[in-house]
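**Q** After the structure tokens below, expect a handful of questions from me.
Number of protein chains: 2
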Amino acid sequence: MALSVRFVLCETSHPGNIGAAARAIKTMGFEELVLVNPRDFPSSEARARASGAVDLLERATVTGTLTEAIAGCGLVIGASARRRSLQWPELSPRECAAEIAELAADKPAAVVFGTERAGLSNAQMDLCNALVYIPANPEYSSLNLAAAVQLIAYELRLAEDEPPEQQRAEWSPAAADHMELFYDHLHRVLLKSGFLKPDNPRHLMRKLRRIFNRSRLDEHELQILRGILAAVEPPDDGDANDGSAKAHGGSG
Amino acid sequence: MALSVRFVLCETSHPGNIGAAARAIKTMGFEELVLVNPRDFPSSEARARASGAVDLLERATVTGTLTEAIAGCGLVIGASARRRSLQWPELSPRECAAEIAELAADKPAAVVFGTERAGLSNAQMDLCNALVYIPANPEYSSLNLAAAVQLIAYELRLAEDEPPEQQRAEWSPAAADHMELFYDHLHRVLLKSGFLKPDNPRHLMRKLRRIFNRSRLDEHELQILRGILAAVEPPDDGDANDGSAKAHGGSG
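Residue numbers (the numbering used here), protein chains in the order written: chain A, 42 to 293; chain B, 42 to 293.
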């Protein structure tokens, strides 16, 4: 059974890497390449390095943001060049592939790669359900971007060929764009309730994103949470901010 | 325990591939690169693509024949771009790595890669103990040379790392009794807000438990969520149940 996987490259600097990544993806039997804001594309260098995978380059989607790139995807996994000290589920490439293979395939999974120099930004990681970390030489762990894509695609191919393990619960992940609507709603409720201070909301919202992204909500669960937000949302008019405004503040 | 592995590239056409292969080898913690009759070496393109692995290039041995290149090696495994119909032991990259890891390490193993265009010649394969075949898309199996080196080196690194399981992030879970206090609080807020119908609350609370239990909260995250509940909790007095009670009900 073919896995449905979208490979997303963010703000790639070197077009040669885009071409080499396309080749890596195609050799492992995958087809979907999305480029977020590439510095130089289309490019003859990308075509040269793509070799027989020029068709993937020509069909590649280019978007302005990662949010657009992962729209409609279920599980979103970010490739991390180094271990992060954050509270994030961290998968090996093999575990990453196994998780994707176990999914009900009604939505594509996405694997997201950051820039050659700096990897994924914090804001980009906040859109991911988990991170995949490629084990490497601690003294020189700087894998080429296309090499990292190759390794992940290889493990995905192996996982695909694997005899179908017992199906995990038929999890059907919520669409990434629906998750964004939920976070917008959550943000609004927290502001209105006085919990979120407008001066530094980012830090707290990031923590909340991590909590819910780790949990991997499905659409039904998302609806429940949206329903709760609607039920507790203070009304829009100024009367809500009366003297009894809650004193609880974010400790984040 | 570090595996002793010599990576041998035969008659490589493109110096960029030599540099990229050096980088691939070094990122996986290996050091020994031997070049059999490279077409263009040393080369500035090789240096550029080697990035931080230029030291491997500079220490690379250049020989005129594969026989010289594998002198002193024990197990010699040839990388084959396609399945051969010959009577040859054919290993997957993982099996190849396992075989090398199981060897008494008194001699280095060699993994031998042929030309970009044609792979290993029959005469070169005759010097190998076995072949390793990288699974690929049958319709486009043309891996880049450095990508093939990267995959083999990666499997070797994993085989080397095997026994000590990778440490999970230092996750410090919230105490189970604190989780219960959180669920009690959540339950209270949902009842007061009118979201939870008192007639059948169990079903919905179970779904909410699953969401947060999957997420594996730590104590700090739990505090944040408790803070949010306190901020949105309707006041205790009966006035809260006025005519404007929210109409949103749990769909669970």
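The C-beta atom is built at its ideal place from N, Cα and C for all residues, glycine as well.
What does the alpha-carbon distance come out to for the pair A110/A and Y181/B?
**A** 26 Å
**Q** At what residue ranges does the region 103 to 179 of chain A contain a whole run of the alpha helix (DSSP H), taking only runs of 4 or more?
**A** With a minimum length of 4 residues, the continuous alpha helix (DSSP H) runs that stay inside the region 103 to 179 of chain A are 107 to 110, 134 to 143 and 163 to 166.
**Q** Could you tell me whether any Cβ in chain A is nearer than 7 Å to the Cβ of A272/B?
**A** yes
**Q** Is there contact between the region 62 to 70 of chain B and the region 188 to 195 of chain B, where contact requires at least three CB pairs shorter than 8 Å?
**A** yes
**Q** Along chain B, which residues have their Cβ under 7 Å away from the Cβ of S183/A?
**A** T68, S92 and G93
**Q** In chain B, which residues lie less than 7 Å from P79/A when you measure between Cβ atoms?
**A** Chain B residues near P79/A: none, gap ~20 Å exceeds 7 Å.
**Q** Under DSSP, the alpha helix (DSSP H) around E196/B begins and ends at which residues?
**A** L186 to D202
**Q** Where G185/A and L44/A are concerned, what is the direct C-alpha to C-alpha distance, given to the nearest angstrom?
**A** Sequence check: residue 185/A is Asn here, not Gly. Roughly 24 Å separates the two Cα atoms.
**Q** Drop a sphere of 10 angstroms on the beta-carbon of E201/B, count the other beta-carbons inside from all chains shown, and report buried for 16 or more, exposed for fewer.
**A** buried
**Q** Would you kindly work out how many angstroms separate the C-alpha atoms of E274/B and G235/B, rounded to a whole number?
**A** 11 Å
**Q** Report yes or no: do the region 143 to 154 of chain B and the region 112 to 120 of chain B share at least 3 C-beta pairs separated by less than 8 Å?
**A** yes
**Q** Residues in the same chain with beta-carbon distance under 7 Å from L270/B, minus the five sequence neighbours each way, listed in chain order, please.
**A** Exclusion of the five residues before and after L270/B leaves H226, L227 and V230 as the residues of its chain whose Cβ lies within less than 7 Å of its Cβ.
**Q** Assign D240/B to one of three DSSP states: helix, strand, or coil.
**A** coil
**Q** If the cut is a Cβ gap below 7 Å, which residues of chain B does D202/A touch?
**A** Neighbours of D202/A in chain B, taken as residues whose beta carbon is under 7 Å from its own, are P176 in chain order.
**Q** Going by C-alpha distance, which of R257/A, L97/A and N58/A is nearest R158/A?
**A** N58/A
**Q** Within a Cβ cutoff of 6 Å, which residues of the same chain sit near S121/A, ignoring the five residues on either side of it in sequence?
**A** The answer, listed in chain order, is L172 and Y174.
**Q** Decide if T53/B is buried, meaning its Cβ has at least 16 other Cβ atoms within 10 Å, or exposed.
**A** buried
**Q** Tell me, to the nearest whole angstrom, how far the beta carbon of V75/A is from that of A101/A; I am working on the premise that it is less than 8 Å.
**A** 7 Å
**Q** So, does the CB of S234/A fall closer than 7 Å to a CB anywhere in chain B?
**A** yes
**Q** Are the beta-carbon atoms of V77/B and T104/B separated by less than 7 Å?
**A** yes
**Q** Given this structure, state the Cα-to-Cα distance separating C169/A from N163/B, to the nearest angstrom.
**A** 47 Å
**Q** Would you kindly work out how many angstroms separate the C-alpha atoms of L98/B and V153/B, rounded to a whole number?
**A** 17 Å
**Q** When you compare only the Cα positions, how much space is there between R47/A and F253/B?
**A** 28 Å
**Q** With a Cβ-Cβ cutoff of 7 Å, do A138/B and L222/B count as a contact?
**A** no
**Q** Compare the C-alpha of F71/A against each of A217/A, L263/A and D96/A and name the closest.
**A** D96/A
**Q** From the DSSP output, in three-state form, read off E262/A for me.
**A** helix
**Q** Go to L44/B, then tell me how far its alpha helix (DSSP H) extends in each direction, as first and last residue.
**A** It is not in any alpha helix (DSSP H) - L44/B carries neither H nor E in the DSSP assignment.
**Q** Which residues in chain B have a C-beta closer than 7 Å to the C-beta of R250/A? List them in chain order.
**A** Result: empty, since nearest Cβ-Cβ is about 11 Å, beyond 7 Å.
**Q** Counting only the same chain and skipping the five closest in sequence on each side, list residues whose C-beta sits under 6 Å from that of D81/B.
**A** P56
**Q** Can you list the residues of chain B that Y195/A reaches, using a CB-CB cut of under 7 Å?
**A** L192
**Q** Should R64/A be listed as close to the ligand MG, given that the test is whether its C-beta is under 6 Å from any heavy atom?
**A** In the structure shown, the ligand MG is absent, as is every other ligand, since no ligand is present at all.
**Q** By the criterion of Cβ-Cβ separation under 7 Å, what are the contact partners of R255/B in chain A?
**A** S256 and R257
**Q** For R135/B and P134/A, what's the separation of their Cα atoms in angstroms?
**A** One Cα belongs to R135/B, the other to P134/A, and the distance between them is close to 14 Å.
**Q** I'd like to check one pair, G160/A with C51/A: are the Cβ atoms closer than 7 Å?
**A** no
**Q** State the DSSP-derived secondary structure class of E52/A, mapped to helix, strand or coil.
**A** coil
**Q** Under the rule that 16 or more other beta-carbon atoms within 10 Å means buried, what is R243/B, buried or exposed?
**A** exposed
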